[in-house]
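Visitor:
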Amino acid sequence: KNPTSIENKFYRVTFDPDTGLISNIQNLEKQISLPVNQSYYWYNASSGNEDSSQTSGAYIFRPNQSEPISISQNVRSYLVKNSLVQEVYQNFSAWCSQVVRLYSDQKYLELEWTVGPIPRRDSNGKEVISRFDTNLQTDGLFYTDANGRQILQRRRNSRDTWAFKQTEPVAGNYYPVNSRIFIKDKNIQLTVLTDRSQGGSSIVDGSMELMVHRRLLYDDFRGVGEALLEPGQYMEGLVVRGKHLLVLDTPEASANVHRKLALQQYLSPQIVLSTGQGAPYGKG
Amino acid sequence: TSSSLELRQAMGVAQHHDAVTGTAKQHVNDDYALRLFKGWKACQVVVSNALSSLMGTKENFAFCNLLNISVCPSTEASKTFSVLIYNPLARAVTQYVRLPVNGTLYAVKGPAGESIASEVVPVSKFTKDVRRDKGYAERELVFPGQIPALGFSKFTVEKVSAPERFLGTKVK
């Protein structure tokens, strides 16, 4: 049986017993509950089409259709429950897995994802995303940071300073996410903090996605002259592991949480080990 | 002796737009990564010297760069070790530490010798699949570390023998 929930003093995360996916996140302090469906998908990279010969490559993100392909809608999962930490391990496929983690006294939910090596035997370039689907009424708006500094409001299929005609419904709405992305309505804000720069967007209202890994088969003719294949040490593609931190709060209170947390991500404490048997030492 | 100049030079090279965005050829990206690695190796000596100076003892410090895949030879093999956590932020933080270990029970003590709550959790199958032959830790030690602003805390970890099973005595 798939685990059904984990919780600490501040958060409760509920999982769908049939699919094993996250189905609801609650902020227990603020009594906020948000149905969230979180899963992993991949966009099939374009190798060019009738409209344009442009391929997806190192410079260019161009999926060949607007709908991403689900890696799995049913995950195998198991729970490790202790007093300091509770973890649900989710296996989406042989090359995609995730740990949903709640430490006992921390005011955020941690998602540690592991993606790769991305297979290419099917001759498809793949651009892998983590997507959060909610029922928030976001009216085409979402928010991303600008190099970890000010937050910029993004409006789907729109640009502030010129009359914009959208020709790429997915790629044309992707923005850099250096530290965080969020969506909100009047009462609830869902914020995701990243541990590295990624691309992100909100393609439909209430949805938010981040690209975590990509492996492509063609050069994009923008100068690099190579496909973004990255074979890695074992010549089968890179395995990437990273973290997304989720904060669910009111729009008024969220900034106070995500600004501190983002700084702690960027300037994270450094661990050094020793055997503890040192000789006296002075600058002289 | 060492200098942070090597890392600063590598960072200078990596300001090129290809390095920032990842649009270089593979062999150029490999070179960016190698330069950063060499820079970080040089900085480990700088950090060791700084910590020795702050602590007043010269120790054989180890930097575990593969903690994200539960690999650290120092913690996997040792029965006793110290964990120093430096906090570069201007406010105190609590950081959960995860260290790969092979024992089942550990005693963790804080900077003042106080006992710190800790627990040992199994390393996931996903991690074992990813790390290949880099490490073999079966478990991870987890504990919360409180670290002062712009400073460090030292924690000592000691492997505790699991209590022997009470076998009882035969009574005639």
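The listed protein sequences correspond, in order, to chains A and B. Quick note: the first sequence uses our numbering, first residue 1, plus one each step. Quick note: the second sequence uses our numbering, first residue 1001, plus one each step. Quick reminder that beta carbons are idealized off the backbone N, C-alpha and C, glycines included.
With a threshold of 8 Å, are at least 3 pairs of Cβ atoms found where one atom belongs to the segment 1103-1115 of chain B and the other to the segment 1045-1062 of chain B?
Guide: Short answer: they don't touch.
Visitor: By DSSP, does residue 1(A) sit in helix, in strand, or in coil?
Guide: As a first step, residue 1(A) must be located in the first sequence, where it is residue number 1. Coil.
Visitor: Using the Cβ count rule (16 or more neighbours within 10 Å means buried), how would you classify residue 144(A)?
Guide: As a first step, residue 144(A) must be located in the first sequence, where it is residue number 144. Residue 144(A) is buried by the Cβ-count criterion.
Visitor: Could you have a look at residue 1139(B) and say whether DSSP puts it in helix, strand or coil?
Guide: Indexing the second sequence from 1 puts residue 1139(B) at position 139. Note: residue 1139(B) maps to strand in three-state DSSP.
Visitor: Is any beta-carbon of chain A found at less than 7 Å from that of residue 1104(B)?
Guide: Sequence index remark: in the second sequence, residue 1104(B) carries index 104 (1-based). Not one chain A Cβ lies under 7 Å of residue 1104(B).
Visitor: Please state the DSSP three-state secondary structure of residue 199(A).
Guide: Locating residue 199(A) in the first sequence gives position 199, counting from the first residue. Reduced to three states, the DSSP call for residue 199(A) is strand.
Visitor: Tell me, please, whether the CB atom of residue 1167(B) is closer than 7 Å to any CB atom in chain A?
Guide: On the second sequence, position 167 is the one that residue 1167(B) refers to. Because the pLDDT at residue 1167(B) is just 47, under 50, the model does not fix this residue reliably, and the value given afterwards should be weighed accordingly. No, because no Cβ of chain A sits closer than 7 Å to the Cβ of residue 1167(B).
Visitor: Enumerate, from N- to C-terminal direction, the unbroken alpha helix (DSSP H) stretches of 4 or more residues contained entirely within the segment 1006-1064 of chain B.
Guide: Those alpha helix (DSSP H) runs which fall completely within the segment 1006-1064 of chain B and span 4+ residues are 1017-1021, 1026-1055.
Visitor: Hey, is the segment 198-214 of chain A in contact with the segment 126-137 of chain A, meaning 3+ C-beta pairs nearer than 8 Å?
Guide: Because the criterion of three Cβ pairs below 8 Å is met, the segment 198-214 of chain A and the segment 126-137 of chain A touch.
Visitor: For residue 1108(B), would you say it is in contact with chain A, using Cβ-to-Cβ distances shorter than 7 Å as the test?
Guide: If you number the second sequence from 1, residue 1108(B) lands on position 108. No, its Cβ sits nowhere closer than 7 Å to a Cβ of chain A.
Visitor: Any beta-carbon of chain B closer than 7 Å to the one on residue 85(A)?
Guide: Reading the first sequence from its first residue, position 85 is the one you call residue 85(A). Closer than 7 Å: yes.
Visitor: If the criterion is Cβ atoms closer than 7 Å, does the pair residue 232(A) and residue 195(A) meet it?
Guide: The count along the first sequence starts at 1 and reaches residue 232(A) at position 232. The count along the first sequence starts at 1 and reaches residue 195(A) at position 195. Not in contact: residue 232(A) and residue 195(A) (Cβ atoms no closer than 7 Å).
Visitor: Please classify residue 188(A): is it buried, with 16 or more other beta-carbons within 10 angstroms of its beta-carbon, or exposed?
Guide: Position 188 of the first sequence, counted from the start, is the residue given in the question as residue 188(A). When all chains shown are included, residue 188(A) counts as buried.
Visitor: Between residue 1139(B) and residue 1101(B), is the Cβ-Cβ spacing less than 7 Å?
Guide: Along the second sequence, one-based indexing puts residue 1139(B) at 139. Along the second sequence, one-based indexing puts residue 1101(B) at 101. Yes, these two residues count as a Cβ contact at 7 Å.
Visitor: For residue 150(A), does the three-state DSSP call read helix, strand or coil?
Guide: Locating residue 150(A) in the first sequence gives position 150, counting from the first residue. Residue state, collapsed to three classes: coil.
Visitor: For the beta strand (DSSP E) that residue 11(A) lies in, which residues bound it at each end?
Guide: For the purposes of this step, residue 11(A) is taken as residue 11 along the first sequence, with counting starting at 1. Its beta strand (DSSP E) spans residues 11-15.
Visitor: With a cut-off of 8 Å on the beta carbons, I'd call residue 64(A) and residue 76(A) a contact; round off their distance for me.
Guide: Indexing the first sequence from 1 puts residue 64(A) at position 64. Indexing the first sequence from 1 puts residue 76(A) at position 76. So it is not a contact: roughly 30 Å between Cβ atoms.
Visitor: Taking 7 Å as the CB-CB cut-off, is residue 1146(B) touching chain A?
Guide: Position 146 of the second sequence, counted from the start, is the residue given in the question as residue 1146(B). For residue 1146(B), the answer is no, since every Cβ of chain A falls outside 7 Å of its Cβ.
Visitor: For the alpha helix (DSSP H) that contains residue 265(A), what are its first and last residues?
Guide: Looking up residue 265(A) in the first sequence gives position 265. Segment 251-266, the alpha helix (DSSP H) holding residue 265(A).
Visitor: Cutting at 6 Å between CB atoms, please list the residues of its own chain near residue 142(A), excluding the five before and the five after it.
Guide: In the first sequence, residue 142(A) corresponds to position 142, counting from 1. Hits under 6 Å: 154, 183, 202.
Visitor: Is there contact here, the segment 1022-1031 of chain B with the segment 1074-1088 of chain B, by at least three beta-carbon pairs under 8 Å?
Guide: No: fewer than three Cβ pairs fall under 8 Å.
Visitor: In chain B, which residues lie less than 7 Å from residue 71(A) when you measure between Cβ atoms?
Guide: Locating residue 71(A) in the first sequence gives position 71, counting from the first residue. Chain B residues near residue 71(A): none, gap ~14 Å exceeds 7 Å.
Visitor: Is residue 1102(B) helix, strand or coil when you go by DSSP?
Guide: On the second sequence, position 102 is the one that residue 1102(B) refers to. In the structure shown, residue 1102(B) sits in coil (DSSP, three-state: anything other than H, G, I, E or B).
Visitor: So which residues on chain B does residue 27(A) lean against when the C-beta distance must stay under 8 Å?
Guide: In the first sequence, residue 27(A) corresponds to position 27, counting from 1. Within 8 Å Cβ-Cβ: nothing; residue 27(A) doesn't reach chain B, min ~19 Å.
Visitor: Determine the DSSP secondary structure at residue 1131(B), reduced to helix, strand or coil.
Guide: Sequence index remark: in the second sequence, residue 1131(B) carries index 131 (1-based). If DSSP states are grouped into helix, strand and coil, residue 1131(B) belongs with the helices.
Visitor: Can you name the start and end residues of the beta strand (DSSP E) that residue 1111(B) belongs to?
Guide: Numbered from 1 along the second sequence, position 111 holds the residue referred to as residue 1111(B). Careful: residue 1111(B) lies outside any beta strand (DSSP E) and carries neither H nor E.
Visitor: Quick one: what's got a C-beta closer than 6 Å to residue 25(A)'s C-beta in the same chain, skipping five residues either side?
Guide: Taking the first sequence and counting its residues from 1, one reaches residue 25(A) at position 25. For residue 25(A), where only same-chain residues beyond five positions count, the Cβ hits under 6 Å are 13, 34, 36, 248.
Visitor: Can you find at least 3 beta carbon pairs, one from the segment 1141-1154 of chain B and one from the segment 249-266 of chain A, that sit closer than 8 Å?
Guide: Output reads no: the segment 249-266 of chain A does not touch the segment 1141-1154 of chain B.
Visitor: Report the residue ranges of all alpha helix (DSSP H) runs contained in full by the segment 109-148 of chain A; include only those spanning at least 4 residues, in chain order.
Guide: Segments of the alpha helix (DSSP H) lying fully in the segment 109-148 of chain A: there are none.
Visitor: Are any of the Cβ atoms in chain A nearer than 7 Å to that of residue 1068(B)?
Guide: Sequence index remark: in the second sequence, residue 1068(B) carries index 68 (1-based). Closer than 7 Å: yes.
Visitor: For the alpha helix (DSSP H) containing residue 226(A), name the first residue and the last one.
Guide: Against the first sequence, residue 226(A) aligns to sequence position 226. Careful: residue 226(A) lies outside any alpha helix (DSSP H) and carries neither H nor E.
Visitor: Classify residue 152(A) as buried or exposed, calling it buried when 16 or more other Cβ atoms lie within 10 Å of its own Cβ.
Guide: Position 152 of the first sequence, counting from 1, holds the residue named residue 152(A). It is exposed - the Cβ of residue 152(A) has fewer than 16 other Cβ atoms within 10 Å.
Visitor: When the cut-off is 7 Å and only beta carbons count, does residue 1085(B) lie next to chain A?
Guide: Locating residue 1085(B) in the second sequence gives position 85, counting from the first residue. Residue 1085(B) counts as touching chain A.
Visitor: Report yes or no: is there a C-beta of chain B within less than 7 Å of the C-beta of residue 82(A)?
Guide: Looking up residue 82(A) in the first sequence gives position 82. With 7 Å as the cut-off, residue 82(A) counts as an interface residue toward chain B.
Visitor: According to a CB-to-CB cut-off of less than 9 Å, which residues of the segment 263-276 of chain A neighbour chain B?
Guide: For the segment 263-276 of chain A, which is checked against every Cβ of chain B, the residues closer than 9 Å are 263, 264, 267, 268, 269, 270, 271, 272, 273, 274, 275, 276.
Visitor: Could you name the residues of chain C that residue 99(A) contacts, counting a contact when the two beta carbons are closer than 7 Å?
Guide: In the displayed structure, chain C is absent; the protein chains listed are A and B.
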